[in-house]
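What follows is a single structure, written as structure tokens, with notes after it.
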Amino acid sequence: MIHRRRLPSPWSELWTLEDGRTVQLRPIDPRDAEPLRGAFSLLTPEERRLRFLHPITEMTPAMAKRLTHLDRRREWALVVAEPEPPGDALIGAVVRAAIDESGRRAEFAILVTRFLAHQGIGTLLMRELLRWVRLKRLEAVYGDVLLENSTMLALCDALGFRRRPAGDPGLVRVEWRRDG
Ligand SMILES: CC(C)(COP(=O)(O)OP(=O)(O)OC[C@H]1O[C@@H](n2cnc3c(N)ncnc32)[C@H](O)[C@@H]1OP(=O)(O)O)[C@@H](O)C(=O)NCCC(=O)NCCS
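Written out as structure tokens, the structure is:
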């Protein structure tokens, strides 16, 4: 079980993991751009494919900038990082969402790197995502998951997501609706 301690800033907590490490949950920060590129460079091809759904090989500075400089009216992202100032802290996990053109629904993506996986972080980050969806009073949140990604599909099932066709035979769209 993860021991959680709230910090004074919004969406910020200190987590003590089962393996004894302490990590920080906090909103992504523009200064995370370089650490995000560093984290990307350490991903396995499998982790990249599961998260980005196609084999991207490099995170350019422009991509990292876009992923860390959010339009706060429609985008939201949390990181799990070392408890050091943004820019110095290594990043181990990210959950993000963006409200789509409908204005009532958001698309999400998540990555917990293998250095932190299987300790419950993915589940907690998805719960934070659902908290954001409720706060924003959105109708639904959805994401596309590779059919073979049984870990993510099991996790989403447990959180009450439903599975839908994604328009591509290799993908499943998982969707959580606020009205159930
Ligand atoms: C999928 C992913 C986010 C999971 O992160 P995580 O921190 O390991 O997740 P958790 O530890 O909370 O849960 C995963 C585990 O619990 C299982 N799961 C969690 N809650 C569950 C529940 N209530 N019932 C059944 N299974 C459950 C999963 O199958 C898995 O089992 P294991 O750890 O014993 O192998 C992570 O593996 C990842 O980032 N993968 C690559 C990117 C990706 O797939 N992203 C999703 C598409 S956007």
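Here the sequence shown stands for residues 5 to 184, where the numbers follow the numbering used here.
Just so you know, even glycine gets a beta-carbon here, dropped at the ideal spot from N, CA and C.
None of these values were measured; they are calculated from a predicted model.
What's the call for Ala-37, buried or exposed, on a 16-neighbour Cβ count within 10 Å?
-> Counting Cβ neighbours within 10 Å, Ala-37 comes out buried, since at least 16 surround it.
What beta strand (DSSP E) runs, 3 residues minimum, are completely inside the region 62-124?
-> Listed in chain order, they are 79-85, 95-103, 109-116.
Across which residues does DSSP place Val-222 in a beta bridge pair?
-> With the chain represented from 5 up to 184, any question about residue 222 goes unanswered, as that position is not in the structure.
Arg-108 classed as buried or exposed, judged by whether at least 16 other C-beta atoms fall within 10 angstroms = exposed
Please state whether DSSP places Gly-126 in a helix, a strand or coil.
-> Here Gly-126 sits in helix by DSSP.
Return the Cβ separation of Leu-2 and Arg-55 in integer angstroms, given the expectation that the two are a contact with Cβ distance under 8 angstroms.
-> Given that the chain is displayed from residue 5 to residue 184, the structure contains no residue 2 and the question cannot be resolved.
By DSSP, does Gly-24 sit in helix, in strand, or in coil?
-> coil
Counting Cβ pairs closer than 8 angstroms, one from the region 84-93 and one from the region 50-64, do we hit at least three?
-> Under the 8 angstroms Cβ criterion, the region 84-93 does not count as touching the region 50-64, having fewer than three qualifying pairs.
Contact check, Arg-100 vs Ala-81, beta carbons under 8 angstroms | yes
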